[in-house]
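To start, the structure itself, in structure tokens.
In this note's numbering, the protein residues as written are 73 to 249.
Given below as structure tokens:
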């Protein structure tokens, strides 16, 4: 009987010491991993995306005008709008665009945004590094949320002769239930 009691106490004390050691090592381990950039975060500063793991695309001297359209399916009780209607962007330049969505209903709604690019021929050259369209979005009744799109146009589009005259693009996002 005494052997079982001692075994339990040893097990209990060992686990407490083990947890204490793990907690002590967690902070230095976290600092070390952050120092070697072992994370998947992208840092957004002043409309420029800095990804420590990827080289930035080459920005070329070709300007595109992009109009952002925000739509909502008639059955979805949301308000959705682009906070910037139109921008001019150099090909290869990273940009951050924000949209605002609001649930106008009295229930929780989960929705997905569908994307349409006009003309469609630009799609192979559109690189979205972050987009609210990648995942479902859930809004509580009356909740507002800012949705973010981070993208650039691949500079290789400049070598596509079919797109030489292309200067205006339209990106449309539509939320549907």
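The C-beta atom is built at its ideal place from N, Cα and C for all residues, glycine as well.
{"Check": "Looking at residue 204: is its Cβ nearer than 8 Å to the Cβ of residue 219?", "Outcome": "yes"}
{"Check": "Taking the CB atoms as reference points, tell me whether residue 173 and residue 227 lie closer together than 8 Å.", "Outcome": "no"}
{"Check": "Specify whether the stretch 148-159 and the stretch 193-204 touch according to this definition: at least 3 beta carbon pairs, one from each stretch, less than 8 Å apart.", "Outcome": "no"}
{"Check": "Have a look at residue 143 and residue 243 and give me their C-alpha separation to the nearest angstrom.", "Outcome": "11 Å"}
{"Check": "Measuring only the C-alpha atoms, how far is residue 134 from residue 185?", "Outcome": "29 Å"}
{"Check": "Is the CB-CB distance between residue 170 and residue 155 below 8 Å?", "Outcome": "yes"}
{"Check": "For the candidate residues 211, 240 and 201, whose alpha-carbon lies nearest to that of residue 221?", "Outcome": "201"}
{"Check": "How far does the beta strand (DSSP E) with residue 164 in it reach, from first residue to last?", "Outcome": "Here residue 164 belongs to no beta strand (DSSP E), and DSSP marks it neither H nor E."}
{"Check": "Check the DSSP bridge columns for residue 209 and list the partner residues they point to.", "Outcome": "183"}
{"Check": "What does residue 224 pair with, by DSSP beta-bridge criteria?", "Outcome": "199"}
{"Check": "Taking all protein chains shown into account, do 16 or more other C-beta atoms lie within 10 angstroms of the C-beta of residue 80, making it buried, or fewer, making it exposed?", "Outcome": "exposed"}
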